[in-house]
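Peer 1: Mind looking over this structure? Questions follow.
Next up, the structure:
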């Protein structure tokens, strides 16, 4: 489990720092918002990864766990509030993100799915 945690932490750290580095010189507050959102999106994907330690995320019915579907909807809504609601923007010091930012965030964050799928593939090849 500890090895799996480190394996998942590496793309999260690298991806978040990469996006922060792409934005901090132009707009530090936007870079912080992108970093916060990237870490959140990594966790959205990671929650779906954790449904099984051996079965691919793509082999499962995405609607078989209604609590996970509901929780995902709730956390997406909360993140959108954090980024776009003026009250939460003031408290969290976030700024609105545009579509290009979201594409980068989702693209980088999806790397956690790829890493976990590779881990599952290797694990299944070794242990059957």
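In this note's numbering, the protein residues as written are -11 to 116.
The beta carbon of each residue, even a glycine, is placed where N, CA and C say it ideally should be.
Since the model is a prediction, treat every value here as computed from it, not as a measurement.
#1: Grab me the residues of residue 89's own chain with a C-beta within less than 7 Å of its C-beta, minus the 5 sequence neighbours each way, in chain order.
#2: Let me know the secondary structure DSSP gives residue -3 once reduced to three states.
#3: Which class does residue 85 belong to by DSSP, given the choice of helix, strand or coil?
#4: What are the boundary residues of the alpha helix (DSSP H) that residue 33 is part of?
#5: Determine whether the beta carbon atoms of residue 10 and residue 83 lie at a separation below 7 Å.
#6: Over the uninterrupted alpha helix (DSSP H) stretch that includes residue 113, give me the two end residues.
#7: List the endpoints of the continuous alpha helix (DSSP H) containing residue 72.
#8: Cα separation between residue 109 and residue 41?
#9: So, under 8 Å CB-CB, residue 35 and residue 4 are touching, yes? Tell me the CB distance rounded to an integer number of Å.
#10: Taking just the CA atoms, how far does residue 32 sit from residue 26?
#11: Alpha carbons only, please: which of 50, 37, 2, 76 is nearest the one belonging to residue 104?
#12: Please state whether DSSP places residue 51 in a helix, a strand or coil.
#13: So, residue 96 versus residue 7, is the Cβ gap smaller than 7 Å?
Peer 2: Judging by the given coordinates:
#1: Result list for residue 89: 22, in chain order.
#2: helix
#3: coil
#4: Counting along the chain, the alpha helix (DSSP H) containing residue 33 begins and ends at 16 to 37.
#5: no
#6: 99 to 115
#7: 54 to 72
#8: 10 Å
#9: Rounded to the nearest angstrom, the Cβ distance from residue 35 to residue 4 is 17 Å, too far for a contact under 8 Å.
#10: 10 Å
#11: 37
#12: coil
#13: yes
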